[in-house]
Amino acid sequence: MKKLINAPENVVKEALAGMAIAHADLIDVHFDPDYIVRKGAPHNKVGVISGGGSGHEPMHGGFVGYGMLDAACPGAVFTSPVPDQMLAATKAVNGGKGVLHIVKNYTGDVMNFEMAAELAAAEGIEVASVVTNDDVAVENSTWTAGRRGVGVTVLLEKIVGAAAEAGADLATCKAIAERVNAHGRSMGMALTPCTVPQAGKPGFELAEDEMEVGIGIHGEPGRRREKLAPARDIAEMLAGPILDDLPFQSGDAVLAFVNGMGGTPLIELYLMYNELARILKDRNITIARSLVGNYITSLEMAGVSFTLLRLDDEMIKLWDAPVHTPALRWGM
Amino acid sequence: MKKLINAPENVVKEALAGMAIAHADLIDVHFDPDYIVRKGAPHNKVGVISGGGSGHEPMHGGFVGYGMLDAACPGAVFTSPVPDQMLAATKAVNGGKGVLHIVKNYTGDVMNFEMAAELAAAEGIEVASVVTNDDVAVENSTWTAGRRGVGVTVLLEKIVGAAAEAGADLATCKAIAERVNAHGRSMGMALTPCTVPQAGKPGFELAEDEMEVGIGIHGEPGRRREKLAPARDIAEMLAGPILDDLPFQSGDAVLAFVNGMGGTPLIELYLMYNELARILKDRNITIARSLVGNYITSLEMAGVSFTLLRLDDEMIKLWDAPVHTPALRWGM
Amino acid sequence: MPITVEHVTHFLTAAAELIHAHRDELTSLDAAIGDADHGANLDRGFAAVIARLPTVADKDIGTVLKTTGMTIVSTVGGASGPLYGTAFVRAGMALADRHEMSAEDVVLALEAALDGIVARGKAQPGEKTMVDALVPALEALRAALAAGRSLGRAVQAAAAAAEAGAQATIPMLAMKGRASYLGERSIGHQDPGATSTAYLLRALAMTCSRNEEEA
Amino acid sequence: MPITVEHVTHFLTAAAELIHAHRDELTSLDAAIGDADHGANLDRGFAAVIARLPTVADKDIGTVLKTTGMTIVSTVGGASGPLYGTAFVRAGMALADRHEMSAEDVVLALEAALDGIVARGKAQPGEKTMVDALVPALEALRAALAAGRSLGRAVQAAAAAAEAGAQATIPMLAMKGRASYLGERSIGHQDPGATSTAYLLRALAMTCSRNEEEA
Ligand SMILES: Nc1ncnc2c1ncn2[C@@H]1O[C@H](COP(=O)(O)OP(=O)(O)O)[C@@H](O)[C@H]1O
Ligand SMILES: Nc1ncnc2c1ncn2[C@@H]1O[C@H](COP(=O)(O)OP(=O)(O)O)[C@@H](O)[C@H]1O
Ligand SMILES: [Mg+2]
Ligand SMILES: [Mg+2]
Ligand SMILES: [Mg+2]
Ligand SMILES: [Mg+2]
Numbered sequence: 004m005k006k007l008i009n010a011p012e013n014v015v016k017e018a019l020a021g022m023a024i025a026h027a028d029l030i031d032v033h034f035d036p037d038y039i040v041r042k043g044a045p046h047n048k049v050g051v052i053s054g055g056g057s058g059h060e061p062m063h064g065g066f067v068g069y070g071m072l073d074a075a076c077p078g079a080v081f082t083s084p085v086p087d088q089m090l091a092a093t094k095a096v097n098g099g100k101g102v103l104h105i106v107k108n109y110t111g112d113v114m115n116f117e118m119a120a121e122l123a124a125a126e127g128i129e130v131a132s133v134v135t136n137d138d139v140a141v142e143n144s145t146w147t148a149g150r151r152g153v154g155v156t157v158l159l160e161k162i163v164g165a166a167a168e169a170g171a172d173l174a175t176c177k178a179i180a181e182r183v184n185a186h187g188r189s190m191g192m193a194l195t196p197c198t199v200p201q202a203g204k205p206g207f208e209l210a211e212d213e214m215e216v217g218i219g220i221h222g223e224p225g226r227r228r229e230k231l232a233p234a235r236d237i238a239e240m241l242a243g244p245i246l247d248d249l250p251f252q253s254g255d256a257v258l259a260f261v262n263g264m265g266g267t268p269l270i271e272l273y274l275m276y277n278e279l280a281r282i283l284k285d286r287n288i289t290i291a292r293s294l295v296g297n298y299i300t301s302l303e304m305a306g307v308s309f310t311l312l313r314l315d316d317e318m319i320k321l322w323d324a325p326v327h328t329p330a331l332r333w334g335m
Numbered sequence: 004m005k006k007l008i009n010a011p012e013n014v015v016k017e018a019l020a021g022m023a024i025a026h027a028d029l030i031d032v033h034f035d036p037d038y039i040v041r042k043g044a045p046h047n048k049v050g051v052i053s054g055g056g057s058g059h060e061p062m063h064g065g066f067v068g069y070g071m072l073d074a075a076c077p078g079a080v081f082t083s084p085v086p087d088q089m090l091a092a093t094k095a096v097n098g099g100k101g102v103l104h105i106v107k108n109y110t111g112d113v114m115n116f117e118m119a120a121e122l123a124a125a126e127g128i129e130v131a132s133v134v135t136n137d138d139v140a141v142e143n144s145t146w147t148a149g150r151r152g153v154g155v156t157v158l159l160e161k162i163v164g165a166a167a168e169a170g171a172d173l174a175t176c177k178a179i180a181e182r183v184n185a186h187g188r189s190m191g192m193a194l195t196p197c198t199v200p201q202a203g204k205p206g207f208e209l210a211e212d213e214m215e216v217g218i219g220i221h222g223e224p225g226r227r228r229e230k231l232a233p234a235r236d237i238a239e240m241l242a243g244p245i246l247d248d249l250p251f252q253s254g255d256a257v258l259a260f261v262n263g264m265g266g267t268p269l270i271e272l273y274l275m276y277n278e279l280a281r282i283l284k285d286r287n288i289t290i291a292r293s294l295v296g297n298y299i300t301s302l303e304m305a306g307v308s309f310t311l312l313r314l315d316d317e318m319i320k321l322w323d324a325p326v327h328t329p330a331l332r333w334g335m
Numbered sequence: 041m042p043i044t045v046e047h048v049t050h051f052l053t054a055a056a057e058l059i060h061a062h063r064d065e066l067t068s069l070d071a072a073i074g075d076a077d078h079g080a081n082l083d084r085g086f087a088a089v090i091a092r093l094p095t096v097a098d099k100d101i102g103t104v105l106k107t108t109g110m111t112i113v114s115t116v117g118g119a120s121g122p123l124y125g126t127a128f129v130r131a132g133m134a135l136a137d138r139h140e141m142s143a144e145d146v147v148l149a150l151e152a153a154l155d156g157i158v159a160r161g162k163a164q165p166g167e168k169t170m171v172d173a174l175v176p177a178l179e180a181l182r183a184a185l186a187a188g189r190s191l192g193r194a195v196q197a198a199a200a201a202a203e204a205g206a207q208a209t210i211p212m213l214a215m216k217g218r219a220s221y222l223g224e225r226s227i228g229h230q231d232p233g234a235t236s237t238a239y240l241l242r243a244l245a246m247t248c249s250r251n252e253e254e255a
Numbered sequence: 041m042p043i044t045v046e047h048v049t050h051f052l053t054a055a056a057e058l059i060h061a062h063r064d065e066l067t068s069l070d071a072a073i074g075d076a077d078h079g080a081n082l083d084r085g086f087a088a089v090i091a092r093l094p095t096v097a098d099k100d101i102g103t104v105l106k107t108t109g110m111t112i113v114s115t116v117g118g119a120s121g122p123l124y125g126t127a128f129v130r131a132g133m134a135l136a137d138r139h140e141m142s143a144e145d146v147v148l149a150l151e152a153a154l155d156g157i158v159a160r161g162k163a164q165p166g167e168k169t170m171v172d173a174l175v176p177a178l179e180a181l182r183a184a185l186a187a188g189r190s191l192g193r194a195v196q197a198a199a200a201a202a203e204a205g206a207q208a209t210i211p212m213l214a215m216k217g218r219a220s221y222l223g224e225r226s227i228g229h230q231d232p233g234a235t236s237t238a239y240l241l242r243a244l245a246m247t248c249s250r251n252e253e254e255a
C-alpha cells in the first residue's frame, strides 16, 4: 500500500486537521464526534447537512460553505458516519428553520442518518431527509437495497444549498432535492482498484487489459468485468444506460458532469468529456452547464463516472447562484 | 498502459476539444498551431502567456481566463510546445501593451520560447520573458541547465495575471514575476511513476516499499530513491530543503501550496498539508494563504510537491484579486 | 449456575478478542463483495465496548447490553453499526434490571436481538446477511433446549448452526446491503456480517460452556 | 558524382525511416534519464519533413535543408526540436542556392549544423548531449577526407565515430538538458540525443555510399 499517510487508523482525523487549517476562513472542524461545519453556524436559514464515509474527497467536507452545505459528517474510510455525528451537526446548524439531511442510498448511511434524525426529532428539531439513488448500474433493484447514490449527490448539494441560502423553507428544500435526484442519472467505471488504508490491500485485482464497469464509489467491484476499451467505447457504455434510463430526450438541456474517481488526471477527464459531448450532440441534447473534475471519488482509484441531470430553469438559477466552499466556488 | 484515451497520438487534441466545449464561456481553443486563448482576446492590457508540455493539467490551459493567463500553448505530452504556437498566441493576445512569456526552466521550453520571442519581436511585438526555476531538488546547478521551474509557476501566473489585469505595464509585470520566482521554492516526490501515452510504459519502476524524492514534473526519476516513509518524514524531506534554501525565516508570512502529482487523492494532500503546517508552526512561519490540490501534475503519477512563497503585501493583494479560469476561480 | 453480569462481561471480552483476531478475514470477505471495512468497523466498535465496560461493571445485565449497543451505534458506523447496535440495545431492553439470566432468558435476548436487526434492516432469511447466521442459531438453540440439553451445549449447537448458516450464504444472491449492488457477482462469496455473527455466537458459547465447567 | 537534391531527399527519407524504426529505443533511452519523449518527438518531426519534401523537390539544396529545419522547429518541440531545427537551417544557409555539393560542402554543412546546435544549446563536448556524437563525427570526416578517402568512406567513418561518441556518453555526467536534473544518476545511461545524431549520420553514410556505388 503506497499512500502519503502516517498510520492507517489516523488518516481521517489528520486529513480533517489539514482541512481545518487550509480553510479556516470557511469552516470549523469539530472532533469527537467528527463534523465539518460552516463558519458562523447556525445561520438564519434551513440547515443543509450531508455525510458519508471518507475517501470520497472533496465530497462532502469540501462542499461546506456559503450556498452549499452547512455541515458534513465524515465516517471512517468508506464507512458511513455514526448517528452521534449527524445529531451533533444537526444541532450545530439548526437555525430554527429545520435541517435537511442529504443521504446517499447505502444501507449503512440510511440507517445511521435515520437514527440521528429520530434523536434530533426527539430534541425538537425538524428534520427532513432526501436519499439520492442515481446509479443506473444497479438494475432490477426493486427487491434489493435499491440503487446507489453517486454523482447526483454533488449537484444536489449545490442546488439545494443555493435554495436554502435564498431562504427556501424545509419542505421546499426537500422538494427541490427530490426533483434533482429524480432527474439525474449516473454510471461509473474503474481502470484500477483502490486500497482502504485499514485493509492494506486493494479491494479487487485487475489485469493490465481489464476494467470494471458499473462500479460505485466504495472501491467495490462493478457489475461486470470487461476488456479495456478505447475512450469512445467506454463513453458509450456509460452514457447509453444513463440516457435510456430516465430517459433523456431530444431537446433536453442537461448538466453534464464528468467525474474522476480520484486517480485519473484531468487530461483524461476532458478527453472523456469530449466523447460525452459528442454522444449528447448526436442525440440532440444540449449541455447547458458542465462540471469536469474529481469531485466524488474512491481514494486513488483510476476511473470515471458520468452524471447527467435534466435541468429546468429553477435548477439552472440555483446552480449558477454564488457558492463559496473549499472545492466549489463561484460568484463570490 | 491503462488510460481513458483513444489513440496515444490524439490525446492532447481530444482533451483540448473537451476543454473547449466544457469552458466555452471562458476560452477558445485554436488548433494548428494549438493554443488556448481567453475569450475576447486581445484585451487592453499586457498579454500574459505561458505554455509547456501537456500532461500537467490543469496547468497551463486551466489557468486561462480573467485575472490570470491570456493564452496557453500546450505541447505534446511532456514536450515543450513549438515556436509557432507561442508566436500565434502572442499575436492573438497582444493588445498593444506587450506580452509577457512565462517559461519554466527546461532547455526545450526556454529555446522554443526564445525563438518565438525573436519572431514576435521581428513582427514588432514587445515581448518580455520570465523563467521560473524554483525546484530545490536540483543542487549545485551553476554549470548545468539550472533548476527546474515547478510549483511556483502556478502562483506566479495568478499573481502576475492579476497585475496585468489591474493595468501594470510590461516592465512592472516582469518585475513582479521575477520577484515571485525569487521568493518561491519547491520540492516534490513520487510514490508511483507515470506513463507517457506515446511511450506506453512507465518512465521508471518502483517497488512497493520505494519512493522517488526530488522529482520534477515530467515523469522522470528523482534525485534519489528511498524507502517509503510516513507522511511526517516525507514532509520533512521536502520542507527542509525548501526552508533552508531561500532561506525562509521566523516571522515570514508564506503562501503554502501542497500540490498533488495527479494520482494522489485530496485526503492525502490535506494530510500532507497538516504535516507542512506543523513544520511551519515550529519555525514560527505564518501561513497567510494556502492552496491544496492537483494543479501542476505529471499525468497519473501519485506523489506530492510543496511550494512555499514568501509573501509581501502586494503579492497578497494580487493573489486575492478576482480570478476566473477553468481551474482557479474566486471573487467573481 | 445462572448467567450473571460477570458472564456477560466475559462474553463481550471474548467477542472483542475473536473479532480482533479475525479482523483481516472479515475485511477480506467484505472486500470481495463490499467495501473492505467490516473487520475494521467491528474491531473499532468492540474495542470501544471493552473500554466502556468498567463504567457499567456494577450495573444490571440490561444496562450492560444497552450500553454495549449504544457504544456500537456510536463507534461502528456502516450497516453493521446500527444493526448490531440495535440488536444489543433490544437484548438489553428484554433483560432490563436483571442481574441473573436463565436459559430461557438467553433465548429471549437472542430473539430480541434478531427482531431488532430485522426491524432496522428488513432482511428476510436467504438474502445473504447476518440474519442468515442468527436465524438458524436461534432455531438450534430452541431445539437443543427443548431436547433437554444444558445451556452450554445448546449455545454450542447455536454457534455451530450460525457457522453453518454463514457458510450457507456462499451460494446466495445478495438482496440487501452493499453486496446487492454486485448482482450475480455476489454469488460464491461468504457474507462478512453472517461470519461476524457466527463469531459472536462462538463467544457466547465459550462463556456459557465455561460457566458450566466451573459449576 | 556530386551530391544533388535527390541525394539530400534520399538522406532525409533514410533518416526518417531509421528514426521511425528506432523510435521505441530512443524513447526508452529518454525514459531512463529524461521524459520518455525523444523517439515520439523526432518521429513526428521527420514524418512532417517527409510530408513537406514534395513541395521543395525542385528547389536547391539550401532550400530543402532550411525547410527541413523549419519543419523540425515547427513540429518537434522539446530540446531536440530547436537544436536539430537550427542545425538543419544553418546547414541550409551554408549551402544557399546550391544544386550540387562536394565533399568539402558536406564538411561545411556539418560544421554549420554543429555551430547551430552549440549556439542554441551552449553545450560543450563531454556534457552528455548530441554534441558528443556530432563532434567526433566531424573530426572523423575531416580526417578521412584528409587521408584521401572517398566521401562515401569518409561519411561512413563519421557515422561510426558518431555511434562511438553516442556510446561514450554512457559514463558521462549530464550537464545540459533534462538529464542534468538527475545528477549522478544520469551516469550509466546513453544519451538519447547523441543516439539519434548517430542515426542521422548513418542515414547520411547510406546515401553517400549508394551515390558512390551508383557512380
Ligand atoms: N439490510 C440488512 N439487514 C441485515 N444485515 C445487513 C443488511 N445490510 C447489510 N447487512 C449486513 O452488514 C454487513 C456489512 O457490514 P459492514 O461492512 O460493516 O457495513 P457496510 O456494508 O456499510 O460497509 C453485511 O455483510 C451484511 O451481513
Ligand atoms: N543544451 C543542449 N545542447 C545540446 N543538446 C542538448 C541540450 N539539451 C538537451 N540536448 C539533447 O536533447 C536530447 C533530448 O531531446 P528531447 O527528449 O527530444 O527533448 P526534451 O529533453 O525537451 O524532452 C538530449 O538527449 C540531448 O542530447
Ligand atoms: Mg462500509
Ligand atoms: Mg520532453
Ligand atoms: Mg463494509
Ligand atoms: Mg525528452
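So the sequences go chain by chain: V, C, R and F. Quick note on this note's numbering: the first sequence kicks off at 4 and runs consecutively. Quick note on this note's numbering: the second sequence kicks off at 4 and runs consecutively. Quick note on this note's numbering: the third sequence kicks off at 41 and runs consecutively. Quick note on this note's numbering: the fourth sequence kicks off at 41 and runs consecutively. Glycine residues also receive a C-beta, built at the ideal position from the N, C-alpha and C atoms.
In the DSSP assignment, proline 176/R falls within the alpha helix (DSSP H) that extends over 171 to 186.
Within 8 Å of the CB of leucine 312/V, no CB atom of chain C is found; the nearest one sits about 15 Å away.
Beta bridge pairing from DSSP links alanine 131/R with no other residue.
A distance of 8 Å or more separates the beta carbons of valine 130/C and valine 49/C. Residue pairing by DSSP places tryptophan 333/C opposite Val326/C in a beta bridge. Bridge pairing for glycine 263/C: Val307/C [DSSP]. Counting only heavy atoms of ligand 4, the residues whose C-beta sits closer than 5 Å to one of them are, along the chain, Phe81/C, Thr82/C, Asp75/F, Asp77/F, Gly118/F.
Per DSSP, the continuous beta strand (DSSP E) segment holding tyrosine 38/V begins and ends at 38 to 41. Taking a beta-carbon distance threshold of 8 Å, methionine 118/C counts as an interface residue toward chain F. For proline 77/C, the enclosing beta strand (DSSP E) stretches over residues 74 to 80.
For methionine 114/C, the enclosing alpha helix (DSSP H) has its first and last residue at 110 to 125.
Straight-line measurement puts the Cα of cysteine 176/V at about 6 Å from the Cα of valine 163/V. Your pair aspartate 155/F and proline 165/F does not check out as a contact, with CB atoms roughly 14 Å apart and the cut at 8 Å. Here DSSP, grouped into helix, strand and coil, assigns proline 205/C to strand.
Within the segment 21 to 35 of chain C, those residues whose Cβ lies closer than 7 Å to any Cβ of chain V are, in chain order, Gly21, Met22, Ile24, Ala25.
Sorting Pro196/C, Asp315/C, Gly265/C by C-alpha distance to the C-alpha of alanine 185/C places Asp315/C at the top.
Spatial neighbours of arginine 92/F in its own chain (CB-CB distance under 7 Å, excluding positions within 5 residues in sequence) are listed in chain order as Thr107, Thr111. Close to serine 57/V, with beta-carbon spacing below 9 Å, are these residues of chain C in chain order: Ile270.
In this structure, valine 261/V lies near leucine 272/V, with their beta-carbon atoms less than 8 Å apart.
At least one heavy atom of ligand 1 lies closer than 7 Å to the C-beta of tyrosine 109/V. In the structure shown, the three-state DSSP call for isoleucine 90/F is helix.
In the DSSP assignment, histidine 33/C falls within the beta strand (DSSP E) that extends over 30 to 33. Methionine 170/R has its alpha-carbon roughly 8 Å from the corresponding atom of alanine 206/R.
Taking C-beta separations shorter than 8 Å and ignoring five residues to either side along the sequence, the partners of alanine 232/V in its chain run Met214, Met240, following chain order. By the beta-carbon neighbour count (other beta carbons within 10 angstroms, threshold 16), methionine 41/F is exposed.
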